[in-house]
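Residue numbers (this note's numbering), protein chains in the order written: chain W, 1 to 189; chain D, 190 to 378.
All C-beta atoms in this analysis are idealised placements derived from N, C-alpha and C, irrespective of residue type, glycine included.
Listed below in structure tokens is the structure:
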């Protein structure tokens, strides 16, 4: 069985309104974590005039020049779908990326070939890194994983997710953790 | 911040068609894991004639006699919503339960008070228990957590999720794990 690390950069937060602009996917063996395939593909937005989220666009550095050669959503899925067969979809805050993938399949009339299970990177860190860290940036900082250059690119996001999971597995194997005991009562006050 | 362990027993797998029959929720402190509140509530189905999933009904032991006193979905949410405020929703295969919760809010016109993050129990086990185990039953068996009596009840499901996460945190703290090295090549064949 394979794991499909996924990161989508989008024009906003709502999968019913906003669009995937950049997709990064890394397929690996779920047991050995050996990388089998990678896909990095830009998608030309069709409806950027509808509620564009300026914060999202600034984060992913969307601009017409760099997206001039980008293809359609359907062309991107044509590249992505072969590596999704029976793979377990995994992302940081997986619900967000999965909702965009589901919406993309619906828009293009394509079949969902993924395994029905989904995994979440942030959840994987929960037992080993306490207190709970919500952001991938913070997890990378704690785990000593290099930051990526701005603007954010989806394939770099997927690679950071992959590196976080490899590091967490190594930590578990070696009996390591980053645990700070919760402070229920602060005796200084 | 609080964690809201959730288990829904439903009349089938499709949140657009099927209904919540039994809801079990356990609220705890995300740092100390201290249990703060619990809600266990049966819901009377309105459309059991539409595509009832016999497998789902057998698992959760639905029968008219035991559901005779059950209230409406809106009455159940009236009990549930007060403990959802800014809580992080967590479940085994969280996408399934969260989709049913989202559909329930939509049906009753109620607001989503949850925190925007969601956590997944199965993902939490991934680094510490290898190879990957998909089922909560299997995780409980490996972790020495008591099986629950049949038929399955949602509050027992939520309590098992809670116990699994507490056990994983303890393991991480003690440097313990259940890791079997992947066998890439079987030399016996």
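What residues match up with residue 232 of chain D in a beta bridge as DSSP calls it? D:260
Can the beta-carbon of residue 104 of chain W be found less than 8 Å from the beta-carbon of residue 143 of chain W? no
Out of curiosity, what's the CA-to-CA distance linking residue 168 of chain W and residue 346 of chain D? 27 Å
Residue interval of the alpha helix (DSSP H) (run including residue 100 of chain W): For residue 100 of chain W, the enclosing alpha helix (DSSP H) begins and ends at 94 to 108.
For residue 126 of chain W, the nearest candidate out of D:308, D:327 and D:204 (CA to CA): D:308
Just by C-beta distance, which residues in the stretch 21 to 42 of chain W are closer than 7 Å to chain D? 30, 31 and 32
Mapping the DSSP letters down to three states, classify residue 368 of chain D as helix, strand or coil. strand
Residue ranges of each beta strand (DSSP E) run of no fewer than 3 residues wholly in the stretch 304 to 340 of chain D, ordered along the chain? As for any beta strand (DSSP E) of minimum length 3 sitting wholly inside the stretch 304 to 340 of chain D, the runs are 307 to 309, ordered along the chain.
Starting from the beta carbon of residue 173 of chain W, find every residue of chain D whose beta carbon is closer than 7 Å, and list them in chain order. Those are 366 and 368, listed as they occur along chain D.
Is there contact here, the stretch 311 to 330 of chain D with the stretch 215 to 227 of chain D, by at least three beta-carbon pairs under 8 Å? At 8 Å Cβ cutoff, the stretches do not touch.
Extent of the continuous alpha helix (DSSP H) to which residue 168 of chain W belongs: 154 to 174
Pull up the distance between the alpha-carbon of residue 3 of chain W and that of residue 321 of chain D, whole angstroms please. 11 Å
Taking only three categories from DSSP, how would you classify residue 246 of chain D? helix
In the stretch 307 to 323 of chain D, which residues sit with their C-beta less than 9 Å from some C-beta in chain W, listed in chain order? 307, 308, 309, 310, 311, 312, 313, 314, 315, 316, 317, 318, 319, 320, 321 and 323
Taking C-beta pairs closer than 7 Å, name the residues in chain D that residue 101 of chain W reaches, listed in chain order. By Cβ distance, chain D contributes nothing, its closest Cβ being about 12 Å from residue 101 of chain W, past 7 Å.
6 Å CB neighbourhood of residue 344 of chain D in its chain, flanking five on each side removed: 213 and 229
When the cut-off is 8 Å and only beta carbons count, does residue 15 of chain W lie next to chain D? no
Range of the contiguous beta strand (DSSP E) that encloses residue 198 of chain D: 191 to 199
With DSSP as the reference, identify every bridge partner of residue 218 of chain D, one or two as the case may be. Residue 218 of chain D is bridged to D:191.
Should residue 357 of chain D be flagged as near chain A, meaning a C-beta pair shorter than 8 Å? Chain labels in this structure do not include chain A; the protein chains are W and D.
According to the neighbour-count rule (16 or more other Cβ atoms, all chains shown, within 10 Å of its Cβ), is residue 249 of chain D buried or exposed? buried
Considering only the alpha carbon of each residue, which of D:302, D:288 and D:355 lies closest to residue 328 of chain D? D:355
Determine the direct distance from the alpha carbon of residue 100 of chain W to that of residue 9 of chain W, and round the result to whole angstroms. 10 Å
Just to confirm, are residue 107 of chain W and residue 128 of chain W a CB contact at a threshold of 8 Å? With contacts defined by Cβ atoms closer than 8 Å, residue 107 of chain W and residue 128 of chain W do not form a contacting pair.
What residue range is occupied by the uninterrupted beta strand (DSSP E) comprising residue 65 of chain W? Careful: residue 65 of chain W lies outside any beta strand (DSSP E) and carries neither H nor E.
Could you name the residues of the same chain whose beta carbon sits closer than 7 Å to that of residue 323 of chain D, not counting the 5 residues immediately before and after it, in chain order? Within the same chain, residue 323 of chain D has close Cβ partners 311.
Please confirm whether residue 284 of chain D has its beta-carbon closer than 8 Å to some beta-carbon of chain W. Yes, residue 284 of chain D lies at the interface with chain W (some Cβ there is under 8 Å from its Cβ).
Between which two residues does the beta strand (DSSP E) carrying residue 85 of chain W extend? It is not in any beta strand (DSSP E) - residue 85 of chain W carries neither H nor E in the DSSP assignment.
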